[in-house]
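**Q**
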Amino acid sequence: MLLSELADKLCGTLLGQDRDISGASTIEEAAPSEITFLANPKYKDKVLSSSAGAIITAEKLDTPAAQIIVGNAYLSFAHAVNLLYPEKQHAPGISPQAFVHPDAVVDETASIYPHVYVGQGARISRGSVIHPGCFIGDGASIGEDTTLHPNVVVYAGCSVGNACIIHAGTVIGSDGFGFVWDGSKHFKIPQKGIVIIGDHVEIGSNCTIDRAALTATRIGSDVKMDNLIQIGHNVTIGDHTIIVAQSGIAGSARIGKSVVLAAQSGVAGHISVGDGCTAAGRAGVASDLAAGKIVSGFPAMDHKQWLRAQNVYKDLPALLKRVRELERRLDGLDND
Amino acid sequence: MLLSELADKLCGTLLGQDRDISGASTIEEAAPSEITFLANPKYKDKVLSSSAGAIITAEKLDTPAAQIIVGNAYLSFAHAVNLLYPEKQHAPGISPQAFVHPDAVVDETASIYPHVYVGQGARISRGSVIHPGCFIGDGASIGEDTTLHPNVVVYAGCSVGNACIIHAGTVIGSDGFGFVWDGSKHFKIPQKGIVIIGDHVEIGSNCTIDRAALTATRIGSDVKMDNLIQIGHNVTIGDHTIIVAQSGIAGSARIGKSVVLAAQSGVAGHISVGDGCTAAGRAGVASDLAAGKIVSGFPAMDHKQWLRAQNVYKDLPALLKRVRELERRLDGLDND
Amino acid sequence: MLLSELADKLCGTLLGQDRDISGASTIEEAAPSEITFLANPKYKDKVLSSSAGAIITAEKLDTPAAQIIVGNAYLSFAHAVNLLYPEKQHAPGISPQAFVHPDAVVDETASIYPHVYVGQGARISRGSVIHPGCFIGDGASIGEDTTLHPNVVVYAGCSVGNACIIHAGTVIGSDGFGFVWDGSKHFKIPQKGIVIIGDHVEIGSNCTIDRAALTATRIGSDVKMDNLIQIGHNVTIGDHTIIVAQSGIAGSARIGKSVVLAAQSGVAGHISVGDGCTAAGRAGVASDLAAGKIVSGFPAMDHKQWLRAQNVYKDLPALLKRVRELERRLDGLDND
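Residue numbers (the numbering used here), protein chains in the order written: chain A, 1 to 336; chain B, 1001 to 1336; chain C, 2001 to 2336.
This is how it looks when you write it as structure tokens:
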């Protein structure tokens, strides 16, 4: 693609000579035929010595390389990558090696790959792509333009919205974890609810999202989840929330909108996390959080408080020594 | 179902007018045609304002809603849900889209869904349901009335007992993690053992249970495991033990009966955890525990000790300040 | 196999009477027809009372049982197990129940099991075994003598080297986790890179390894990974590194050679971990580590420092009490 054409599509201004761009890469690895970007000022020196043929940037750079000046360099670069590497087109239709129940409804524009199972009464909407090995249970529904990567499992009755991306191996709608001791064994609390996932949701690989006991586990729209995340039954997650890898949310927790749960964090059962909260990596949220809180540690506390506590913690032996010295000095005074 | 019929089946006493009940729900969401329950007294006020058509409760409530009085409301409610929502019946037989080795033995009452693989010498017993995408390795065996949800993998030689439920994506019998440095690379310790799972075991989705190096990794009966749990090779787990999501048990650990390992906890290798112990959420058990211990933190310590330590930890900067003040005061005395 | 033959193959010296050995087991469970080993001197008493018919050991033992004397008992035992339990031979060829794209290249000695999907332009090399339910995306490549256990997913364009073992349910090449806020929603940063895995790599079950945004996520040769591990996009991992279960490495981290990341540990994004470092169980590495460091805790610190800090931590209430007592005594002095 010509740089001038790319600049047009990004509504940017081209500085320097037009040329053909074949791809996009990082500052370090971009070739003269490729474009890169500068979003973080700390990489300014690096970008000036890059071999890239062109740079997407918000501020004009003092370099002979061609530049496309835009308002948000990172966002425009993402658009550029999409323009330079078009998505694979999937042939519509149902593979003869798939199983689709006669009472399922599959839109004729959807792509059903080999070894897919679509159960009774399930519904696959326009433009969706169901990769090999996926399971769509009885009565489950998949929205429009949604992609299920290989081996995704959607249990009976659950629904995934429009324009979602679910990565390989993720399980949606397995039974919530509930038992009651009946005097001799754990009696299973039946899990008859469902999972409802909004639109524009992306879920990473090998996640697990449990169905509600009676009602619905709800994932809002534009929620983004990384890999290996556990969502317990009856949980609700607000729109735009981000959950990073290996985090877990226990049953019946309510997570607000635009929350960030960083990697390996956790939220205890029945907890309410307000809109816009951030839990730092490894935080374990064990009590309700008002909107906008930033917390760390386990049990999670105010992030700044944790930083200060952690700072003393790592030198605890020195503190103990100072207390011992105080005792010694005071003993000396007493003996005077 | 008529309330009177439900009350009979639960051996409970019906108070109020008989009516038809179509389903069960939570206190908040139950409609007049649905039944709910009161198990925790703190929801008493809530239940009195519920729209539910009937309430299962241990104590008579002062409400016009119909009530079924029982001994254990939560347990009876679980039974009621099972009565109101009968399990799906699976057609017996082997799908022509499944692969079953000619030397495998599949009971004629078992249901083998499309895209299942059953290896040489494997055995699937009476009434079991093997959902699409499952793999049953050579010589593996699945007991009676056991359900394997989609994409469950049971490696060669492993066995799952009767009346078990294994959720989607769980892997039983992958190789244990063992290597020995041979001077230039890690040499693999062959993992020739198996996994043996008892009866009435439920395992959540995307768990991993490794085969033993030489003998057997053993999961007792009535063990209940949540999602994304790791069980290392040679581990033994006693009957009735509960393991919550994202916990991990390292190789050769011995977990007693009726133990509870809460979410995101861990047990180190070769550790012995006595019967009836509880490890709180995030606990990391690094040394043997006698029966009945309740532990928290990492390395795990007595739960009450941890609570007290954690209480001081979060105010460590204040403690440091007090020590500084003591030093200042003592310096003042010395200078007197 | 005769003990004498086994001793020959292990280049060991047979002491005691020759006999037929049918298998290998642990010190506790070995039968008279089986062989065991002594690698850790602390099990010396135990091995002397074992029922095993023969013992592989580095030092001559005072027991009537036959012994094979070798230089490294654990390594020789691993070789013995391989000799006593030969690997299953897989019939070469493509199952008629598999899907292989006409433009894929599958070596005639490779085994492609039922319900496997091999995409356009993918390449499966000599001697490799692809178990049921695996997905090999367009243009992906699998090296020689590599085994993919059931339901492994290799996304388009990714490559796995020679002599690798990938356990069930592991996902290689799902999208890295990257979004940029566009003013109203999270805009997806396209993930157009790949994953490149070296030779002799073993990866446990249900792991997730994300593709790079633009370049490659790289796993070196002889890397050994346990189960349920998360590797973020753009990560590089050096040769011989060991990663234990449930650990996670965030995006763009660089892990050196021969590093050990113990169970449930984590490495933050963009961090560099030097060659030969060890992160103890649960360690959370949040800053760069020079080669050879041993760290613990979160944020990870020097292991010995952590041990000392942790030692004071668990008795923090006692420390607080001592400070209170000092304050009381000092108040008393002031009041004198």
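Every residue gets a Cβ at the ideal spot worked out from N, C-alpha and C, and that includes glycine.
Since the structure is predicted, the reported quantities are computational estimates derived from the model, not experimental observations.
So with Cβ pairs under 7 Å, would you call Arg1308 (chain B) a contact of chain C?
**A** yes
**Q** When DSSP labels each residue in this structure, what does Arg19 (chain A) get in the three-state scheme?
**A** coil
**Q** If contacts are defined as beta-carbon pairs under 8 Å, then Gly2220 (chain C) and Asp2239 (chain C) qualify, I think. What distance do you get, rounded to the angstrom?
**A** 4 Å
**Q** Tell me, please, whether the region 1093 to 1112 of chain B touches the region 1042 to 1049 of chain B by the rule of three or more beta-carbon pairs shorter than 8 Å.
**A** At 8 Å Cβ cutoff, the stretches do not touch.
**Q** Comparing the C-beta of Ser174 (chain A) with each C-beta of chain B, is any distance below 7 Å?
**A** yes
**Q** At a CB-CB cut-off below 8 Å, which residues of chain A make contact with Phe2298 (chain C)?
**A** For Phe2298 (chain C), the chain A residues whose C-beta falls within less than 8 Å of its own C-beta are Arg282, listed in chain order.
**Q** In terms of residues, what are the limits of the alpha helix (DSSP H) holding Phe37 (chain A)?
**A** Here Phe37 (chain A) belongs to no alpha helix (DSSP H); instead the beta strand (DSSP E) covers Glu34 to Leu38.
**Q** Taking DSSP as the reference, what is the three-state secondary structure of Gln2191 (chain C)?
**A** Collapsing the DSSP output to three states places Gln2191 (chain C) in coil.
**Q** For Ala2268 (chain C), go through chain A and note every residue whose CB falls closer than 9 Å to its CB, in chain order.
**A** What Ala2268 (chain C) touches in chain A: Ala263 and Gly281.
**Q** Residues of chain C with a CB under 7 Å from the CB of Ala1250 (chain B): which are they?
**A** Ala2263
**Q** Let me know the secondary structure DSSP gives Ala1080 (chain B) once reduced to three states.
**A** helix
**Q** With a cut-off of 7 Å, does the C-beta of Thr2215 (chain C) fall near any C-beta of chain A?
**A** Judged by the 7 Å Cβ criterion, Thr2215 (chain C) is in contact with chain A.
**Q** Closer than 7 Å by beta-carbon distance: list the chain A residues that pair up with Asn2162 (chain C), in chain order.
**A** Those within 7 Å of Asn2162 (chain C) in chain A number zero; the least Cβ separation is about 24 Å.
**Q** Can you tell me the Cα-Cα spacing of Ala1309 (chain B) and Tyr2313 (chain C), whole angstroms?
**A** 6 Å
**Q** Starting from the C-beta of Phe1187 (chain B), find all residues in its chain whose C-beta is less than 6 Å away, skip the five residues before and the five after it, and write them out in chain order.
**A** Val1180
**Q** Determine the extent of the alpha helix (DSSP H) in which Val312 (chain A) is found, giving its start and end residues.
**A** His303 to Tyr313
**Q** Near Glu2108 (chain C), what residues of its chain come up, given a Cβ to Cβ distance below 7 Å and the 5 sequence neighbours on each side ignored?
**A** Pro2092
**Q** Pick helix, strand or coil for Gly1173 (chain B), following the three-state DSSP scheme.
**A** strand
**Q** With 16 as the cutoff for other CB atoms within 10 Å, does Val2032 (chain C) come out buried or exposed?
**A** According to the sequence provided, residue 2032 (chain C) is Pro. The question's Val does not apply to it. With fewer than 16 Cβ atoms within 10 Å of its Cβ, Pro2032 (chain C) is classed as exposed.
**Q** Looking only at DSSP bridge pairs, what is Ser159 (chain A) linked to?
**A** A:Ser141 and A:Ile196
**Q** Is there at least one Cβ from chain A nearer than 7 Å to Gly2193 (chain C)'s Cβ?
**A** no
**Q** Give a yes or no on whether 7 Å exceeds the smallest Cβ distance from Asp2226 (chain C) to chain B.
**A** yes
**Q** How is Val235 (chain A) classed by DSSP in three states: helix, strand or coil?
**A** DSSP places Val235 (chain A) outside both helix and strand once states are collapsed to three, so it counts as coil.
**Q** Of the choices A:Lys9, A:Gly173 and A:Ile124, whose alpha-carbon is the least far from that of Ser111 (chain A)?
**A** A:Ile124
**Q** Please list, in chain order, the residues of the region 2003 to 2035 of chain C that have any C-beta partner in chain B closer than 7 Å.
**A** Ala2024, Ser2025, Thr2026 and Glu2029
**Q** Count the other C-beta atoms from every protein chain shown that fall within 10 angstroms of the C-beta of Ala66 (chain A), then say buried if there are 16 or more, exposed otherwise.
**A** buried
**Q** Taking 7 Å as the CB-CB cut-off, is Asn2335 (chain C) touching chain B?
**A** Chain B has no Cβ within less than 7 Å of the Cβ of Asn2335 (chain C).
**Q** Output yes or no for whether 7 Å exceeds the beta carbon distance between Ala1318 (chain B) and Val153 (chain A).
**A** no
**Q** What is the DSSP secondary structure of Ala286 (chain A), counted as helix, strand or coil?
**A** coil
**Q** For Gly71 (chain A), count the other beta carbons within 10 Å of its own beta carbon; 16 or more makes it buried, fewer makes it exposed. Which is it?
**A** exposed
**Q** Whose CA, out of A:Ala58, A:Glu29 and A:Leu61, lies closest to the CA of Ser51 (chain A)?
**A** Nearest Cα to Ser51 (chain A) within the set A:Ala58, A:Glu29 and A:Leu61: A:Glu29.
**Q** Output yes if chain C places a C-beta closer than 7 Å to the C-beta of Pro86 (chain A); else output no.
**A** no
**Q** Taking only runs that begin and end inside the region 195 to 273 of chain A, name each unbroken beta strand (DSSP E) of 3 or more residues, in chain order.
**A** The region 195 to 273 of chain A contains these whole beta strand (DSSP E) runs: 208 to 210 and 216 to 219.
**Q** Put Ser1296 (chain B) into one of helix, strand or coil per three-state DSSP.
**A** strand
**Q** Give the DSSP bridge partners of Ala2279 (chain C), in chain order.
**A** C:Leu2261 and C:Val2295
**Q** Work out the CA separation of His2303 (chain C) and Val201 (chain A) for me, nearest whole Å.
**A** 41 Å
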